[in-house]
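Note that the working numbering has the sequence shown beginning at 33, numbered continuously upward.
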Amino acid sequence: MARVGRIALDDEKKKLINTLYITQQPNQDAPYRFEPGHTADLESIIKQDDKDTKNLVMCHGYGAGLGFFYRNYQQLSQVPGWRIFSIDWLGMGNSSRPKWTIARKSSQTWDDVVDTVEDHFVESLEDWRNKVGINKMTLCGHSMGGYFATCYALKYPERVEKLILVSPGTLIDIHPIISLFTFLCLAGIPIPPPEAVTKPNKNPQETVQQEADVIGAAYQAETAAVENIAKQQGVPNNKNPPRRIPAWATYLWNNNITPMSIIRMTGPFGARLVHNYTSRRFAHLTEAEQHDFYDYLYNITSSTGSGEFALAAILAPGAYARKPLFHRLAQLKMPTVFIYGEHDWMDYKAAEEAKEHMKVPAKVIRIANGGHHMYLENPKDFNRICCDEMSK
């Protein structure tokens, strides 16, 4: 059975974590019995279930939500003795979106701000764990979700049995060839050029196609760059000099104008941009899946801004980690699995190097025919690997 509901972290119910809860299906081929639930119902159901089962908790990346794992839940829920949880981070997806109040003060270093942001997400995950009554869990995080999952595992090692990091974000300083464009294209939504965020035209309907063409050209250029990243990695810098970050992109970044902000500001053009993105980036999905995916992504992207504003604190302009995880991985106290797509823009070699310094069992796995979203692009192999790790 699958249920979804929002778990309240506070008595005022201002902080709500959207939660998908799945228990094992008696028949692998049978459709889910899916029941939306109220917070109190979901909490009580989870707490009444068998406490001897193990728990897999899945955490999405930046600009995403728990719906991104829709191709994985069915098979993962078939592993005997396991319950599956998937959450939307506080301020993201369909969780509540409290006003974002974290900002760098003149007396603070960027490390101070990063620590505050990490605590914001780590403590919300810990509060959620307490609320649903989970003692220990296997934590699976994708991209930026992998970053925060690692931060949680470092602070609460007694609560994490195993860590599965799926193309984790900010493992190292991202290579200079990966521009602001490229990072955001793969994390969520591409940033349009400055023409799209200037004062609106008096006849906006007449300019939608023109703006779409401009952004489409920028997107295609970045998509081509993404496809070549695997070839560019490992090539001497003198053959592939760093790409310059446009001044307008740095301006947007420093002023915390996120891709989601632009979607909200541009009205119907924003909806078209999301549609173009989903049809290009997820072209491997069926037409029906693309339509549902667009509806879902536009819904969570156009919602009130909140957790998305953490990005400028975690990353400097150009998508460089302000406080890379690489140097902290040696402190992990649980077995760790790194999963990358064969054509992933994140460099698996960083995980290979980090593994050599870790004091716990660690492995790096690459999934064929998959990129940064390999769980969508090659769900069969991704699910098999995760099921194997759950069974060990």
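Virtual Cβ for every residue (Gly too), placed ideally from N, Cα, C.
- Of the residues Glu385, Glu340, Ile116 and Arg360, the one whose Cα lies closest to the Cα of Thr133 is Glu340.
- In this structure, DSSP gives Thr148 a helical state, which the three-state scheme calls helix.
- When DSSP assignments are scanned along the stretch 339 to 399, the uninterrupted stretches of alpha helix (DSSP H) that are 4 or more residues long and fall wholly within it turn out to be 343 to 346 and 380 to 389.
- Under the three-state reduction of DSSP output, Ala279 falls in the helix class.
- For Ser175, the three-state secondary structure derived from DSSP is coil.
- Annotation: His389 to Asp143 spans about 23 angstroms, alpha carbon to alpha carbon.
- For Met90, there is no enclosing alpha helix (DSSP H); the enclosing beta strand (DSSP E) has its first and last residue at Lys86 to Cys91.
- For the set Ala135, Asp327 and Trp121, the Cα lying nearest the Cα of Arg129 is the one of Trp121.
- Taking the C-beta atoms as reference points, Gly125 is found nearer than 8 angstroms to Leu98.
- The shortest C-alpha to C-alpha distance from Met33 to any of Phe325, Lys83, Ser139 and Gln106 is the one to Gln106.
- The beta carbons of Ile397 and Phe370 sit closer together than 8 angstroms.
- Cys91 and Gly165 do not touch by the CB rule: their CB atoms are close to 18 angstroms apart, not below 8 angstroms.
- DSSP places Tyr94 in no beta strand (DSSP E); its state is neither H nor E.
- A distance of 8 angstroms or more separates the beta carbons of Leu171 and Leu186.
- Looking at the backbone, the Cα of Ser156 and that of Met422 are separated by about 25 angstroms.
- By the Cβ neighbour-count rule, Asp379 is buried, with 16 or more other Cβ atoms within 10 Å of its own.
- Where Val192 is concerned, the enclosing beta strand (DSSP E) starts and stops at Val192 to Val198.
- By the Cβ test, the stretch 176 to 193 is in contact with the stretch 359 to 374, since at least three Cβ pairs between them sit closer than 8 angstroms.
- In the displayed model, Arg103 falls within coil according to three-state DSSP, outside both helix and strand.
- According to DSSP, Trp142 shares a beta bridge with no other residue.
- Just so you know, the alpha carbons of Tyr102 and Tyr330 end up roughly 16 angstroms apart.
- Straight-line spacing of the CA atoms in Thr141 and His359 works out to 19 angstroms.
- Under the three-state reduction of DSSP, Leu41 is assigned to coil, being neither helix nor strand.
- With distances taken between CA atoms, Lys137 lies nearest to Thr148 out of Lys131, Thr148 and Arg416.
- Tyr326 is positioned such that its CB atom lies no closer than 8 angstroms to that of Asn104.
- The three-state secondary structure of Val36, taken from DSSP, is strand.
- Note that the C-beta distance between Val36 and Thr55 is not below 8 angstroms.
- Classified as exposed, Arg416 has fewer than 16 neighbouring CB atoms from the shown chains inside 10 Å of its CB.
- Under the three-state reduction of DSSP, Thr318 is assigned to coil, being neither helix nor strand.
- For Leu48, the closest of Asn288, Lys163, Lys86 and Ser334 by C-alpha to C-alpha distance is Lys163.
- When rounded, the separation of the alpha-carbon atoms in Asn410 and Asn401 is 6 angstroms.
- Between Ser293 and Asn286, the alpha-carbon positions lie close to 14 angstroms from each other.
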